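UniProt numbering applies: residue 1 is where the sequence shown begins, and numbers increase by one.
The C-beta atom is built at its ideal place from N, Cα and C for all residues, glycine as well.
These figures come from a predicted structure and were not determined experimentally.
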Amino acid sequence: MKGIILAGGSGSRLAPSTNSINKHLLAVYDKPMIYYPLSVLMLAGIKEIMIISTESDKQRFEDLLGDGSSFGISLTYREQVNPNGIPEALIIGEKFIGKDDVTLILGDNIFYGQGFTNILRNAIQNHNDATIFGYRVKDPKRFGVVEFDQHQKVVSLEEKPIEPKSDFAVTGLYIYDNKSIKIAKKLNFSERGELEITDVNKEYLKRDQLNVQLLGRGFAWMDAGTHESLYEASEFVRNIQQRQGFKLACLEEIAFYMGYMTRESLYEKGKSMEKNDYGQYLMEIANRKHTQQYWDSIDRNPVLGLVENE
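See the structure below:
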């Protein structure tokens with residue numbers, strides 16, 4: 001399984017903040033937005049990941065994350081010349097994906113919830129064809145909506161329907177088999193002038209090969225693509241971290257507990273940022289005695305940067 005993060009686009013909804021920087025490099029409280037989708041893929045056990053961004057921002061992502069080796073993963077970078085839609089990520093990533101399946105996540109999506117790591121890993125291990133993730137929303141008219149039966153088999157998909165057939169929106173997280181590349185290549189541009197990910201999902205639905213994994217009570221899904229939602233996401237992260245004492249989407253912490261980073265390396269990384277809370281947090285983890293036993297005793301959450309019990 002390969003992973004792709006689509007972090008391109010113009011970021012026009014966040015202007016003027018994005019006039020000189022990619023929105024996925026903006027901070028969601030205490031870390032860049034890109035950390036959140038990257039943490040999801042890492043916790044899913046995916047180690048080969050491609051980040052797709054604009055030509056002008058590609059180097060900035062490389063400067064931030066490098067080749068991924070410091071986190072125990074492999075990162076490659078590709079450019080999306082024009083914002084031609086989400087499915088273009090599958091086309092751009094064709095050689096990278098090779099003969100593998102792929103998990104695609106949007107760079108401005110944030111997921112939080114107990115058990116999410118196990119849900120995602122099980123979905124990857126047991127998936128056939130295509131899996132999307134549904135999240136109940138208060139106003140489904142604003143989203144792509146998925147209708148499903150009692151077996152969580154998708155019945156219909158609608159984009160911003162006037163009369164929604166369910167309260168579940170389709171999130172920006174998709175698991176596809178290798179056929180998705182050919183499907184994306186055959187798409188026509190929509191009236192918006194883009195390739196639509198809904199059309200990819202509809203093709204799988206047409207073939208009776210689309211399943212939905214529901215994220216129920218206790219989960220939070222946020223799209224930090226507007227000023228309001230970016231602020232809300234930052235407040236959410238701040239409140240969770242201050243109340244629980246754990247950091248969400250801390251890549252170094254994930255790498256350490258997954259065995260990708262040594263205690264010494266974790267401490268040195270924290271030392272390089274010791275003047276702020278993030279660096280002090282890494283040093284505290286590295287200095288903690290009986291770390292794994294302590295970790296096994298607490299309630300873990302994937303987007304906190306913690307690995308759940310298998």
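Under DSSP, residue 74 takes part in a beta bridge, and its partners are 48. Around the C-beta of residue 162, fewer than 16 other C-beta atoms lie within 10 Å, and the residue is accordingly described as exposed.
Residue state for residue 167 is assigned as coil, using DSSP reduced to three classes. About 4 Å separates the beta carbons of residue 109 and residue 172, which is inside the 8 Å limit, making them a contact pair.
In terms of Cβ geometry, residue 6 and residue 106 form a close pair [threshold 8 Å]. Here residue 89 has 4, 6, 52 and 104 as same chain residues with Cβ atoms under 7 Å from its own Cβ, once five neighbours each way along the sequence are excluded. DSSP, reduced to helix, strand and coil, places residue 173 within a strand of the structure shown. Considering only 79, 72, 64 and 177, the residue with the shortest C-alpha distance to residue 99 is 177. According to the DSSP assignment, residue 156 belongs to no alpha helix (DSSP H) but to the beta strand (DSSP E) extending over 154 to 159.
Separation of residue 14 and residue 96 (C-alpha to C-alpha, rounded to the nearest whole angstrom) is 30 Å. Residue 19 carries a coil assignment under DSSP once its states are collapsed to helix, strand and coil.
Sorting 65, 30 and 71 by C-alpha distance to the C-alpha of residue 263 places 71 at the top. Contact between residue 57 and residue 22 holds, with the beta-carbon distance rounding to 4 Å and staying under 8 Å. In the three-state reduction of the DSSP assignment, residue 135 falls in the strand class.
Residue 114: not part of any beta strand (DSSP E); DSSP gives it neither H nor E. The C-alpha of residue 234 lies about 35 Å from the C-alpha of residue 204. Here DSSP, grouped into helix, strand and coil, assigns residue 37 to helix. Residue 75 and residue 65 do touch by the CB rule: their CB atoms are close to 6 Å apart, below 8 Å. Under the 8 Å Cβ criterion, the stretch 136 to 145 does not count as touching the stretch 180 to 194, having fewer than three qualifying pairs. Here residue 121 is near residue 44, since their CB atoms are less than 8 Å apart. In its chain, beyond the 5 residues on either side, 13 and 108 have a beta carbon closer than 6 Å to the beta carbon of residue 225. With contacts defined as CB atoms closer than 8 Å, residue 34 and residue 197 fail to qualify as a contacting pair.
DSSP places residue 210 inside the beta strand (DSSP E), whose first and last residues are 210 to 215. Per DSSP, the continuous alpha helix (DSSP H) segment holding residue 283 begins and ends at 277 to 287. In the three-state reduction of the DSSP assignment, residue 103 falls in the strand class. Under the DSSP definition of a beta bridge, residue 31 partners with 28. In this structure, the straight-line span from the alpha carbon of residue 47 to that of residue 2 is close to 7 Å. Under the 10 Å beta carbon count, residue 128 is surrounded by fewer than 16 other beta carbons and is classified as exposed.
Taking a C-beta distance under 8 Å as the contact criterion, residue 79 and residue 94 do not qualify as a contact pair. Along the stretch 219 to 262, the alpha helix (DSSP H) occurs as fully enclosed runs of 4 or more residues at 227 to 244 and 251 to 257, listed in sequence order.
Residue environment: residue 174 is assigned as buried (16 or more neighbouring CB atoms within 10 Å of its CB, all protein chains considered).
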